[in-house]
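Per the working numbering, the sequence shown starts with residue 1, numbered consecutively.
Structure first, commentary second.
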Amino acid sequence: MQKGQLFNTKPHNIRSNFIPKLEKALTISLVHFYPLSGQLVTKRYDDDDHVRSFQVDCNKGPGARLIHAFVDLFVSDIVSSAEVKPIIASFFDLGEKSINHDGHTRPLLSVQVTELLDGVFIGFTMNHCIADGTSFWHFISTLSEILTQLKSDDINEDKFDEISISQKPIYNTMFPSDRPCKITKVPYLDPDEFVRWYDLGPLKVRIFHFSSESISILKTKANQECGPHNNISSFQALCGLTWRSVTRARHLRPELEVSFALPINARTRINPPLPSEYFRYFLTTTQCISKAGDLLSNGPGHAALLINQTIKIHDDKVTRKMLHEFEEHPFIFRPGTDTVQNNSNRLFIGGSSKFDVYGLEFGLGKALTVRGGFVNMEDGRLIANPGREGRGSVDLEVYLKPGTMNTLELDQEFMSYTL
Numbered sequence: 001m002q003k004g005q006l007f008n009t010k011p012h013n014i015r016s017n018f019i020p021k022l023e024k025a026l027t028i029s030l031v032h033f034y035p036l037s038g039q040l041v042t043k044r045y046d047d048d049d050h051v052r053s054f055q056v057d058c059n060k061g062p063g064a065r066l067i068h069a070f071v072d073l074f075v076s077d078i079v080s081s082a083e084v085k086p087i088i089a090s091f092f093d094l095g096e097k098s099i100n101h102d103g104h105t106r107p108l109l110s111v112q113v114t115e116l117l118d119g120v121f122i123g124f125t126m127n128h129c130i131a132d133g134t135s136f137w138h139f140i141s142t143l144s145e146i147l148t149q150l151k152s153d154d155i156n157e158d159k160f161d162e163i164s165i166s167q168k169p170i171y172n173t174m175f176p177s178d179r180p181c182k183i184t185k186v187p188y189l190d191p192d193e194f195v196r197w198y199d200l201g202p203l204k205v206r207i208f209h210f211s212s213e214s215i216s217i218l219k220t221k222a223n224q225e226c227g228p229h230n231n232i233s234s235f236q237a238l239c240g241l242t243w244r245s246v247t248r249a250r251h252l253r254p255e256l257e258v259s260f261a262l263p264i265n266a267r268t269r270i271n272p273p274l275p276s277e278y279f280r281y282f283l284t285t286t287q288c289i290s291k292a293g294d295l296l297s298n299g300p301g302h303a304a305l306l307i308n309q310t311i312k313i314h315d316d317k318v319t320r321k322m323l324h325e326f327e328e329h330p331f332i333f334r335p336g337t338d339t340v341q342n343n344s345n346r347l348f349i350g351g352s353s354k355f356d357v358y359g360l361e362f363g364l365g366k367a368l369t370v371r372g373g374f375v376n377m378e379d380g381r382l383i384a385n386p387g388r389e390g391r392g393s394v395d396l397e398v399y400l401k402p403g404t405m406n407t408l409e410l411d412q413e414f415m416s417y418t419l
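Below you can see the structure in the form of structure tokens.
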């Protein structure tokens with residue numbers, strides 16, 4: 001995961017004041033989020049090379065990393081257009097081709113402070129193997145909370161206990177049972193068998209802003225089209241519009257199958273639900289499938305309804321079943337192999353407009369914007385972030401082939417909801 005915040009405030013004495021202060025805050029944060037200082041470890045068993053167990057060893061590894069970088073750019077160079085500039089990739093540590101498996105040798109967490117001529121960008125990179133978006137933003141929120149309490153530059157380690165946090169992470173095994181590290185059978189013996197990179201070709205990345213008013217209109221229209229008893233949410237209405245619009249922009253044949261995949265936070269789906277402080281990767285993934293012709297012959301409300309119905313079935317029983325099945329029969333995603341052939345028919349959304357992104361100020365005031373890194377960049381990837389003004393607004397980060405993006409930007413229906 002790679003997310004960062006751009007601030008148009010530049011702290012005085014950034015090298016001698018802000019960076020040391022951030023380092024202390026990071027040290028204190030890692031006392032609570034100690035797995036992020038560790039390293040992924042794979043244990044092999046002699047009786048079968050395919051049998052492995054995976055865990056985080058908190059007593060070894062390179063530790064978390066803090067980097068201070070410089071770039072000869074102004075804030076306006078970053079936000080002057082809706083198109084995301086390639087330079088953003090350099091604002092995150094560990095590189096564009098980092099994968100979860102790299103956690104065996106590289107940091108599980110990296111924080112990079114990039115100093116601009118008139119601002120600061122703070123980029124966070126976290127291994128997705130041990131944390132999802134909920135845990136990712138929980139950590140960043142804690143880091144910001146601690147940093148704002150460090151009023152003095154000479155806080156000593158013996159005073160770290162005086163720093164409090166409002167939401168401590170929870171690690172005890174709450175699901176599926178209180179048991180030791182799971183032993184499982186994996187289909188590959190060597191990382192080279194599943195780590196395969198391919199040429200993405202050119203991609204265009206752009207942020208589309210949807211105001212709270214536009215989202216409200218979109219939600220109302222979707223419910224009018226489908227019937228209010230279906231209770232289409234704002235998020236589902238936006239996903240339906242985007243799915244239909246991108247499918248149209250791709251000029252697909254009517255008989256082709258198209259899909260829209262999205263993650264579901266399992267914490268809220270099981271009964272009783274788990275608290276947001278439960279720290280781990282705890283998502284299931286679902287996808288909606290339709291024929292391109294069926295999707296385009298109906299309104300955006302129809303697409304939203306398909307998404308709505310797919311999400312609804314993920315109750316306690318279905319969620320537990322999916323989580324158990326994954327533990328018993330793990331699937332190893334192979335970058336560049338499992339999706340490249342179907343990307344032209346596929347959309348996948350990540351992120352959430354519900355995360356309190358702009359409430360995390362690090363003593364620098366409210367962030368100007370949020371940007372994602374280019375790790376795992378692929379055609380059809382969508383990232384949802386809250387809009388800066390709040391109130392249900394959404395910034396949708398979209399990754400598409402240039403031709404598809406150019407067509408989408410001319411789509412009257414889609415663009416009528418954006419600013």
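Every residue, glycine too, gets a C-beta built ideally from N, C-alpha and C.
Here the structure is a predicted model, which is why all the values come from computation and not from measurement.
For residue i, which residues in the same chain have their Cβ closer than 6 Å to its Cβ, ignoring the five residues on either side in sequence?
{"i": "Gln341", "result": "In this predicted model, Gln341 has a pLDDT of only 44, less than 50, meaning its place in the structure is not dependable; the value taken from the coordinates is given anyway. Closer than 6 Å at the Cβ level, and outside the excluded window around Gln341, lies no residue."}
{"i": "Asp356", "result": "none"}
{"i": "Asp178", "result": "Its pLDDT being 43, under 50, Asp178 is placed unreliably by the model, and nothing is read from it."}
{"i": "Lys60", "result": "Gln39"}
{"i": "Met322", "result": "Thr284"}
{"i": "Thr407", "result": "Ala249"}
When DSSP labels each residue in this structure, what does residue i get in the three-state scheme?
{"i": "Thr247", "result": "helix"}
{"i": "Glu257", "result": "strand"}
{"i": "Ser29", "result": "helix"}
{"i": "Val340", "result": "In this predicted model, Val340 has a pLDDT of only 43, less than 50, meaning its place in the structure is not dependable enough to derive any value."}
{"i": "Asn59", "result": "coil"}
{"i": "Leu262", "result": "strand"}
{"i": "Asp294", "result": "helix"}
{"i": "His302", "result": "helix"}
{"i": "Met322", "result": "helix"}
{"i": "Lys85", "result": "coil"}
{"i": "Glu409", "result": "coil"}
{"i": "Arg391", "result": "coil"}
{"i": "Ser53", "result": "strand"}
{"i": "Ser110", "result": "strand"}
As a quick exercise: from the options, pick the residue whose alpha carbon is nearest that of residue i.
{"i": "Leu419", "options": "Thr369, Phe208, Thr242", "result": "Phe208"}
{"i": "Asp93", "options": "Phe121, Asp49, Gln149", "result": "Phe121"}
{"i": "Asn8", "options": "Gly403, Phe414, Gly365", "result": "Gly365"}
{"i": "Ser259", "options": "Ala304, Phe235, Arg267, Pro273", "result": "Ala304"}
{"i": "Gln5", "options": "Trp137, Lys291, Asp47", "result": "Trp137"}
{"i": "Ser81", "options": "Ala261, Lys204, Ser29, His329", "result": "Lys204"}
{"i": "Ser393", "options": "Lys354, Ser211, Thr247", "result": "Ser211"}
{"i": "Phe279", "options": "Thr242, Gln167, Ile28, Asn100", "result": "Gln167"}
{"i": "Phe74", "options": "Gly103, Thr242, Asp118, Phe33", "result": "Asp118"}
{"i": "Lys312", "options": "Leu262, Ser16, Val375", "result": "Leu262"}
{"i": "Pro202", "options": "Lys401, Gln2, Pro107, Asp411", "result": "Lys401"}
{"i": "Thr142", "options": "Glu257, Val31, Leu116", "result": "Val31"}
{"i": "Ser427", "options": "Ser352, Tyr358, His324", "result": "Because the chain spans 1 through 419 in this model, residue 427 falls outside it and cannot be assessed."}
{"i": "Ile170", "options": "Val318, Asp190, Phe54, Ser276", "result": "Ser276"}
{"i": "Leu396", "options": "Val375, Ala384, Leu218", "result": "Ala384"}
Apart from the five residues just before and just after residue i, which ones in its own chain have a Cβ nearer than 8 Å to its Cβ?
{"i": "Gly301", "result": "Lys221, Ala222, Asn223, Gln224, Glu225, Cys226, Ile232, Ala237, Gly240"}
{"i": "Leu200", "result": "Met377, Glu378, Asp379"}
{"i": "Val79", "result": "Leu6, Leu368, Thr369"}
{"i": "Thr148", "result": "Glu361, Phe362, Gly363"}
{"i": "Lys354", "result": "Pro386"}
{"i": "Glu255", "result": "Lys291, Ala292, Gly293"}
Could you pull the start and end residues of the alpha helix (DSSP H) that residue i belongs to?
{"i": "Ser216", "result": "212-226"}
{"i": "Val75", "result": "75-79"}
{"i": "Thr148", "result": "133-149"}
Considering just the uninterrupted stretch of the beta strand (DSSP E) at residue i, what are its terminal residues?
{"i": "Ala69", "result": "65-70"}
{"i": "Asp395", "result": "394-400"}
{"i": "Pro35", "result": "Note, Pro35: premise wrong, no beta strand (DSSP E); not H, not E."}
{"i": "Pro371", "result": "One point to set straight first is that residue 371 is Arg, not Pro, in the sequence displayed. It spans 369-372 - the beta strand (DSSP E) in which Arg371 sits, taken as one unbroken run."}
{"i": "Gln167", "result": "Premise fails: Gln167 is in no beta strand (DSSP E) and is neither H nor E."}
{"i": "Gly123", "result": "120-126"}
Given a threshold of 16 other Cβ atoms within 10 Å of its Cβ, counted over all protein chains shown, does residue i qualify as buried or as exposed?
{"i": "Gly390", "result": "exposed"}
{"i": "Ile270", "result": "buried"}
{"i": "Met126", "result": "buried"}
{"i": "Phe70", "result": "exposed"}
{"i": "Tyr417", "result": "buried"}
{"i": "His229", "result": "exposed"}
{"i": "His329", "result": "exposed"}
{"i": "Thr247", "result": "buried"}
Counting only the same chain and skipping the five closest in sequence on each side, list residues whose C-beta sits under 7 Å from that of residue i.
{"i": "Arg52", "result": "Thr42, Lys43, Arg44, Thr184, Val186"}
{"i": "Phe91", "result": "Gly4, Gln112, Thr114, Phe121, Gly123"}
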